[in-house]
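Enquirer: In the numbering used here, the protein residues as written are 797 to 910.
For each residue, glycine too, the CB sits at the ideal point set by N, CA and C.
Note that the structure is a prediction, hence the values are computed from the model and not measured.
Below: one structure in structure tokens.
Right, here's the structure in full:
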């Protein structure tokens, strides 16, 4: 017998935000396929490893290449923050805003803004 290497989807009441309209609904619907692929088809270690490597490159390389390395990390963290925003309390929202602010400032320094 062949073992099924696919992981199950996370448990929860709903995958989409109840009553979402407009931009949130469109982003959630377009995000469903990449999220499902990322969380079920790709090994668990791939996404964190790639993000850590890119972030370390952003810290280590003090020129625009370091800034380019941080941009995918900003996009991924921003995407996850946007999707999780409705279910977060004030502390979670503050943490995500602080993280994105830090990453944007890191990228800006690598591009020579400061």
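#1: Quick check on residue 869: buried or exposed, where buried means 16 or more other Cβ atoms within 10 Å of its Cβ?
#2: Grab the span of the alpha helix (DSSP H) containing residue 887 for me, first residue to last.
#3: Residues in the same chain with beta-carbon distance under 6 angstroms from residue 882, minus the five sequence neighbours each way, listed in chain order, please.
#4: Along the chain, where does the alpha helix (DSSP H) that runs through residue 868 open and close?
#5: Run the CB neighbour count on residue 865, radius 10 Å, all protein chains shown included, and call it buried at 16 or more, exposed below.
Expert: Based on what the coordinates show:
#1: buried
#2: Its alpha helix (DSSP H) spans residues 886–906.
#3: 813
#4: 860–880
#5: buried
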